[in-house]
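For reference, the structure is listed below as structure tokens.
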Amino acid sequence: MSEDLELPEECWELVLKFLILNRPNSDSHHYFESLSLLSTQFLSITNRLRSSLTVCNQTLPFLPRLLLRFPSLTSLDLTRLHHSHLDALLRQLSRSAVPLQSLNISGHPRLPANGLRALAKKRVTLTSLTCSHMGSLKNGDLLLVAECLPFLEELDLSFPEDTDNSTDPVSDAGIESLSLALPKLRKVNLSGNFFIHDPSILSLCKNCHSLDELIIFECHFISQLGIASALLERPSLRSFSVSNFGCGTKKGDSSRPYVTSDFIAALLTLKTLTCLDLSSSSISDELLCCIAEEGIPLKKLVLQGCCNYSYIGVLCLLSTCRFVEHLDLQNAEFLCDQRVEELSEFLGNLVSINVSGCRMVTDSALIALARNCPLLNEVKMGATDVGKRMVEDDGVVNCQVKSLYLGRNSCLKDPSIEMFASVCPSLEVLDLSSCRGISEGVVEVLRRCCEVRRLSLAFCSGVKLTGLNFQVLKLEELNLSGSRVDDEALSVISKCCRGLLHLDLENCSCVTAKGVRQVVEKCTLLREINLVSCYEVEASVVAWMVFSRPSLRRIMAPPKGTPLASWLPHLLKNTKMSVKDFPEECWELVFRFLGHGHHFESLSMVCKQFLSITNRLQFSLTIYDPTIPLLPGLLLRFSRLKILDLSHLKGHHEGLLHQISQSGLDLDLLNLSNQRTLHVDGLREVGSKMTHLRVLICSNIGSLRDSHLVVMAYCFPFLEELDISFPLDSQASDFGVLKLSSMLENLRKINVSGIASAIRIRPSLNSISFNIEKKRIHGPGLRLTPIDLDLVDSFRSLKRLTAIDLSNSVISDEFLFAVAEGGGLLLRKLNLQDCCNCTFSGISYVLSKCQSIQCLDLRKADFLTDQCISKLSMFLLGLTSINLSGCCQLTNSTFFILTRNCPLLSEIKMERAYLGVEGEEDSMKDLVVNFEVKKVYLGDNVLLSDASLIKFASVCPSLELLDLTGCEGVSGEGIVEVLKRCCEIRHLNLAYTGIEVFDIDFQVSKLEVLNLSGSRIEDEALSIISRMCSGLILLDIQSSWHVTPKGVEEVVENCRALKELNLKNCKMVSDDFVAWVEFSRPSLRTIVTPSE
């Protein structure tokens, strides 16, 4: 082609569409950015090709220009915009000429009524509206949508947030009105609308003649009969999605859910159904076989998390319906390699498959799918047995496979992933998250799969990238969060992966600012970087990145706890500006982002400007008795206070509430706990000025009456949370609580601690805490009172439960089964501390069904063994905190099992266990390192030795808190070794360990809290501590009888940040010496004297 030949714009437009818009798994917008810089012609073309735009707060000033620049915009995403701008923006849109078809306003507190009305006057082209996860959604909002947008074809009203407190939540009446007003509706999503029943979907299917897609996940009051009736009204439905389906009971079988014949018959009338999603439902082989016999042309089938069906039903369906393109069989326990291979022979049109959680599936299944499914594009095989049995690939190559998800396969090793790379050489997405057995094999994968664009190695603690010596030109997204990569690995990445757009380094504790700088300098296209919990990266690097890499759009910064003084000089040096050159608003944003707590105190002394800013950023204040004379000045100084805590006051202070009411503050939270009585007059004064108070805490009040409850409700009508637990003298009755509940419509959380009928009245509860008293029935065996069956049954109705606390209760396995059937996938927190009458079977069942649990408390479950924990840990992949204190059979093995199998685990409590005794796991040569574990409580393990403790420290090198209270087998030498391995420790508790020597010869710069109470240390040890732990903020040496004023004096002189010192029962230190301490260290806020 000659050099002067010019292609018409139409040709270039077709070329760009072909090369960019049609590329799978890629966001085309960042390609447009570079193309638009080539010439004015390309700028014009890329402007016309842009069809979608996301508007955030920073974009808002430029919106008029953007609307002019992109004339072909059809889709607008406003989810990242502050809700206060919504109405104005929609009015602006109504005056523009863009042919808008789709609008997303999800996640906002409420619908922008005025904006929608303005849009309705000009915008008749809008056919799709997404209002998911709205803070409030009412029937009136549905009427507004129908009035303003009568031509809607797609509507998403899923998962409104505040259905419990809404006075008019979305109900059957609202849905019926909507269905009558929107006759063109084709697709509707009503998931998570708790108060809709059968009439809602019946009216939709009856009145919306074009309806072909219906989604009703987690609508627990819609019955099988209601669904059947609705489907009969709309036989042209092409896509149907429902979850938690089939929860009735067969006659004579009280435990097994079932599918009714009415539902099956109605489903079979959908002759054009191509998509069926029955996630987390109870189905049957009969249902699947009937679908097969009817010849329904399914292309997408989702049975994720379903139960009560078997391989027979799946085989019957897939052997008949051979046009299935998308298949999801996640957690189908019956699947094995042989069965997957048999099914694959009927899946010639398969495009994507999900068999994650199928524990018997190994490498063979993946090879069979690649061999028998020529169109296969995406494979998900997370949390399976992939890697356990290595197989030969037999020369199988499938160039269609683009996405491979193998996360959470603990047996996966380098040879397996190298073989998969040979089988799938065209991979573009590879997820190996939490595959801790892989190391250098990743380099070979990148060599064989040169099209890889997205690679996730999150929590792959053994991965090594230093062997990478070739260019990986197409890699755009790299996730290394929780891995052990260091600056050397980042240097290699910066040289070989220069096309990176997104880099995730969260929780990479070995990375420093040096490695980050190399990546930012050499990856010139970088748009997003995540440095959260990278404790070795100074916050000062953020300012440098902002000015050095203009392509960056998002920076998730290192921990906010980094001292402000360490980055401030760097910022000023890099920008060549002084403090006064920055506007005050800019400093305020910077301090909000990077500073908190005691750092403000030192900053406020830099200059008057910083004093003013830090005063405005003080949002909470705790009042003590010595602070009372200063209170008026403090309330004037901190004008933006939102939280005020008076719970530490010891005397009568009726006048305080009067002062607070006159301060002009607009509080969100007021804590009046631990007072002898509530001052009614003071409450009325505060209520008259602060009617928008949201949280009131009145726990442990000396006297509580019905009149107090009425005053609370009258004074604070917008309360959302109220704590009136554990009054010392309670005269409150049902009348008072009933009156309170009728007056406080917005109340979301109440703690009255004194249940089945109440639960049925409020089945949408998210969190519940109570205890079932351990009463005993007198008679033979003196057995415990059994749990009420009505209470057991009521828990099955709690479909949205996320937290349960049953501490110190009598429960049963049957009760835990009910919890599993109710909360299911949503449960995040489970507290069974000191519960009795349950067994391992009940706990195992509830954890196998509720695999999203993050916080688990099984204190004093004395039946638990290391083997039990090994089985339970397989269901706890999302676990962040566990408490196994008092489980006296648990040895070191349990600790190693948890750190290996729970990749997100942050906190372990194993006090009063059997630690120090070696189990089977101790014999492993290569213990798995877990960088996520930050807090470990091992108190009162008298058998715990230095050897075991050092092993724990080696496994958890990112420890920030270590509690060894009462561990008498631990010595000073062992502690020193722990501090060498865990350089992030900030809180160390060695109370009553009997430690005498503390011989440290290196700086422990991050240690802030040290508890040596009851120890045998002397002045020599304190001298070493004062020199090597100079950053101490709190030191507790209570009952350290060998300490003298000499040792204390060295600590006070060398630890300049010291704020709290406990000298109680230090018999060789006099109270007179304390006076010297007060004058010598102004930073001290609390001193507990020897005689106190």
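At position 112 of the sequence shown the residue is numbered 582 (my numbering), and the sequence of numbers has no breaks.
Even for Gly, the Cβ is constructed at its ideal location relative to N, Cα and C.
Work out the CA separation of residue j and residue i for me, nearest whole Å.
i: I1503; j: S1509; result: 19 Å
i: E617; j: P582; result: 14 Å
i: L1022; j: A1013; result: 12 Å
i: K883; j: L916; result: 15 Å
i: V933; j: P1427; result: 17 Å
i: W1546; j: E1519; result: 9 Å
i: G644; j: R1370; result: 50 Å
i: E1490; j: L1505; result: 16 Å
i: L785; j: L813; result: 7 Å
i: R968; j: V955; result: 18 Å
i: E1210; j: N1170; result: For clarity, residue 1210 is Leu in the given sequence; the question names Glu instead. Those two C-alpha atoms are separated by around 19 Å.
i: L1111; j: C1357; result: 44 Å
i: A835; j: N879; result: 14 Å
i: P1187; j: H1178; result: 14 Å
i: L1087; j: P669; result: 51 Å
i: S1318; j: I1238; result: 21 Å
i: L674; j: A838; result: 43 Å
i: L1135; j: G1157; result: 12 Å
i: S904; j: F929; result: 5 Å
i: E888; j: G857; result: 11 Å
i: A588; j: Q562; result: 9 Å
i: I1507; j: M1538; result: 12 Å
i: S754; j: L771; result: 14 Å
Can you give the beta carbon distance from residue i to residue j, rounded, assuming they're within the 8 Å contact cut?
i: I1445; j: L1460; result: 7 Å
i: D1410; j: G1442; result: So it is not a contact: roughly 19 Å between Cβ atoms.
i: K872; j: V912; result: Contact flag wrong, Cβ pair sits at about 18 Å.
i: L1137; j: L1114; result: 6 Å
Which stretch, first to last residue, makes up the beta strand (DSSP E) that contains residue i?
i: V772; result: K770 to V772
i: L746; result: C745 to D747
i: L1397; result: From DSSP, L1397 is part of no beta strand (DSSP E); its letter is neither H nor E.
i: F710; result: S709 to V712
i: M1026; result: R1024 to M1026
i: L1140; result: L1139 to N1141
i: D901; result: V899 to D901
i: R924; result: R924 to S926
According to DSSP, is residue i helix, strand or coil?
i: L1304; result: According to the sequence shown, residue 1304 is Asp rather than Leu. In the structure shown, D1304 sits in coil (DSSP, three-state: anything other than H, G, I, E or B).
i: E1568; result: The structure shown does not extend to residue 1568, since the chain is modelled only from 471 to 1562, so the question has no answer here.
i: E1490; result: helix
i: S1550; result: helix
i: F816; result: coil
i: D1193; result: strand
i: T1556; result: strand
i: N677; result: helix
i: V658; result: strand
i: L821; result: For the sequence presented, residue 821 should be read as Val rather than Leu. Looking at V821 - three-state DSSP - the assignment turns out to be coil, as it is neither helix nor strand.
i: S1318; result: helix
i: S1158; result: helix
i: N1278; result: coil
i: D1506; result: strand
i: H1457; result: strand
Kindly indicate the opening and closing residues of the alpha helix (DSSP H) around residue i.
i: V784; result: Y781 to T790
i: L650; result: D642 to A651
i: H1178; result: D1176 to C1185
i: V866; result: Segment: none, V866 is in no alpha helix (DSSP H) and carries neither H nor E.
i: D1095; result: From DSSP, D1095 is part of no alpha helix (DSSP H); its letter is neither H nor E.
i: I887; result: D884 to V893
i: Q1201; result: Taken as a continuous stretch (DSSP letters only), Q1201 belongs to no alpha helix (DSSP H), being part of the beta strand (DSSP E) at D1199 to Q1201.
| request: Decide yes or no for the touch test of the region 675-692 against the region 729-738: beta carbon pairs closer than 8 Å, at least 3 of them. | output: No contact exists between the region 675-692 and the region 729-738.
Using 8 Å as the cut-off, can you tell me whether the region 1293-1307 makes contact with the region 1332-1342, which would need three or more C-beta pairs spanning the two stretches below that distance?
No, because fewer than three Cβ pairs between the region 1293-1307 and the region 1332-1342 fall closer than 8 Å, the two stretches do not touch.
Contact between the region 528-537 and the region 509-516 is defined here as three or more beta-carbon pairs at a separation below 8 Å; is this criterion met? No, the region 528-537 does not touch the region 509-516.
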